[in-house]
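**Student:**
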Amino acid sequence: MNNMAIGVFDSGVGGLSCVKELLNCLPKEDIVYLGDTLRMPYGLKTVDEICQFTKDDIDFLNRRNVKLIVAACGTISSNVSIEKLDNIDVPFVDIINPTVNTALNKSKTKRIGIIATPATIKSDCIGKRIKSIDSNANIISIPCPDFVTLIESGHINDNLIEITAKNYLSKIIDFNVDTLILGCTHFPIISHVIRKIMGDGVTLIDSGKETALEIKRVLQKLDLLTTTTSDGKAEYFVTSNTKAFDNVAKIFLGEGKNVKSILVDIKE
């Protein structure tokens, strides 16, 4: 089982921010990534739809015999608890716990901002998790419905993303946070824009990075790290528009990381 792949899924390309960190901290591990681009964004769907889509995604990864499954998506992590999933028989990691723990450790004032998709903010899962650990924390949560679509359309460095970000972040600036959770794995790709607006005095918590570090801890604890000595390989599957995915994936994964995704019907 040790040499099986890590399964990672998201509604689109956002989970690649987690994959990028996995490639850095666990370079010998194989990765199977699923982006359900046909039905994205999950953040605008109902909870019942998100739950069913999640089960479909997990079934797809199960058929590829992965050793651990990662919900690299804030919307899924906030709306679909492990208790709702009857098709998980391998270790399961979401982005909430590692992200929250890091935010609380980093924050000195316990004034914490959260930005995420509307579904994640509506669930209040991140805020409730923070409060369950530290009831004195002061939290402001802002939905950012346009970020995912803009990022997936390639608006990473232009005026449109900056104007949109300024609009979303104005209330968080007024709240005087010292820590800001990027509660969607898409958002780290525009962290340079968010940093410019928020200033250097605010610590940004990258949910993709923190999730990758948690995966490493889980694999070590369960003695599931690969025993191979060669570099791992990554496979990328999408449910629509491979060309668009491949183009944006280069931005998420960095220079030299060319992706050739495979189109699949996850029901098959």
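Numbering (the working numbering), first residue to last: 91 to 358.
A virtual CB, placed ideally from N, CA and C, is assigned to each residue, including glycine.
Just so we're clear, the structure is a prediction, and the values are computed from it rather than from any experiment.
Excluding sequence positions up to five away, which residues of its chain have a Cβ less than 6 Å from the Cβ of A161?
**Tutor:** S167, D184, listed in sequence order.
**Student:** Can you confirm whether the segment 146–163 touches the segment 94–112 when touching is taken to mean that 3 or more C-beta pairs between the two stretches lie within less than 8 Å?
**Tutor:** Yes: at least three Cβ pairs fall under 8 Å.
**Student:** Can you tell me the Cα-Cα spacing of P235 and T319, whole angstroms?
**Tutor:** About 42 Å.
**Student:** Alpha carbon to alpha carbon, how far is N226 from Y326?
**Tutor:** Approximately 42 Å, taken between the alpha carbons.
**Student:** With G133 and V238 assumed to form a contact (beta carbons below 8 Å), what rounded beta-carbon distance in angstroms separates them?
**Tutor:** So it is a contact: roughly 6 Å between Cβ atoms.
**Student:** Looking at the secondary structure, which residues open and close the alpha helix (DSSP H) in which D100 lies?
**Tutor:** Careful: D100 lies outside any alpha helix (DSSP H), inside the beta strand (DSSP E) at 96–100.
**Student:** Between which two residues does the alpha helix (DSSP H) harbouring I148 extend?
**Tutor:** Counting along the chain, the alpha helix (DSSP H) containing I148 begins and ends at 137–152.
**Student:** According to DSSP, is V354 helix, strand or coil?
**Tutor:** Residue state, collapsed to three classes: coil.
**Student:** Within 10 angstroms of the Cβ of T364, are there 16 or more other Cβ atoms? Answer buried if so, exposed if not.
**Tutor:** For residue 364 there is no data in the structure shown, the boundaries of the chain being 91 and 358.
**Student:** Residues in the same chain with beta-carbon distance under 6 Å from I211, minus the five sequence neighbours each way, listed in chain order, please.
**Tutor:** Counting only Cβ-Cβ distances below 6 Å, and skipping sequence neighbours, we find S231, P233.
**Student:** Quick check on DSSP: helix, strand or coil for P208?
**Tutor:** Correct three-state label for P208: helix.
**Student:** Give the DSSP-derived three-state secondary structure of S231 in the structure shown.
**Tutor:** In the structure shown, S231 sits in a strand (DSSP, three-state: E or B).
**Student:** Among the residues of its own chain, which have a CB less than 7 Å from the CB of N331, if the five just before and after it don't count?
**Tutor:** Within the same chain, N331 has close Cβ partners T127.
**Student:** When we look at the beta-carbon of I148 and count the other beta-carbons within 10 Å, is it buried (16 or more) or exposed?
**Tutor:** Classification of I148: buried, given that the 10 Å Cβ count is 16 or more.
**Student:** Count the other C-beta atoms from every protein chain shown that fall within 10 angstroms of the C-beta of S101, then say buried if there are 16 or more, exposed otherwise.
**Tutor:** With 16 or more Cβ atoms within 10 Å of its Cβ, S101 is classed as buried.
**Student:** Residues in its own chain within less than 7 Å of D224 by CB, not counting five upstream and five downstream?
**Tutor:** The answer, listed in chain order, is L194, K200.
**Student:** Just the C-alpha distance for L240 and T136, rounded to the nearest angstrom, thanks.
**Tutor:** Using only the alpha carbons, I get a separation of about 21 Å.
**Student:** Please report the residue range of the alpha helix (DSSP H) in which G125 lies.
**Tutor:** It is not in any alpha helix (DSSP H) - G125 instead sits in the beta strand (DSSP E) that spans 121–125.
**Student:** Quick check on DSSP: helix, strand or coil for G344?
**Tutor:** Looking at G344 - three-state DSSP - the assignment turns out to be coil, as it is neither helix nor strand.
**Student:** Do the segment 302–312 and the segment 177–192 meet, that is, are 3 or more Cβ pairs less than 8 Å apart?
**Tutor:** Segments in contact, yes.
**Student:** Note down the Cα distance separating L106 from N266, rounded to an integer number of angstroms.
**Tutor:** When rounded, the distance between both Cα atoms is 30 Å.
**Student:** Is it true that the CB of I246 sits closer than 8 Å to the CB of I341?
**Tutor:** Yes, Cβ-Cβ distance for I341 and I246 is below 8 Å.
**Student:** Which stretch, first to last residue, makes up the beta strand (DSSP E) that contains L158?
**Tutor:** Taken as a continuous stretch (DSSP letters only), the beta strand (DSSP E) holding L158 covers 158–161.
**Student:** Hey, out of D336, L175, L113, whose CA is closest to Q142's CA?
**Tutor:** Q142 has its Cα closest to that of L175, out of D336, L175, L113.
**Student:** By a C-beta neighbour count over all protein chains shown, 10 Å radius and 16 as the cutoff for buried, is M91 buried or exposed?
**Tutor:** M91 comes out exposed.
**Student:** Within this structure, are the beta carbons of I295 and L272 separated by less than 8 Å?
**Tutor:** Result yes, Cβ atoms of I295 and L272 sit closer than 8 Å.
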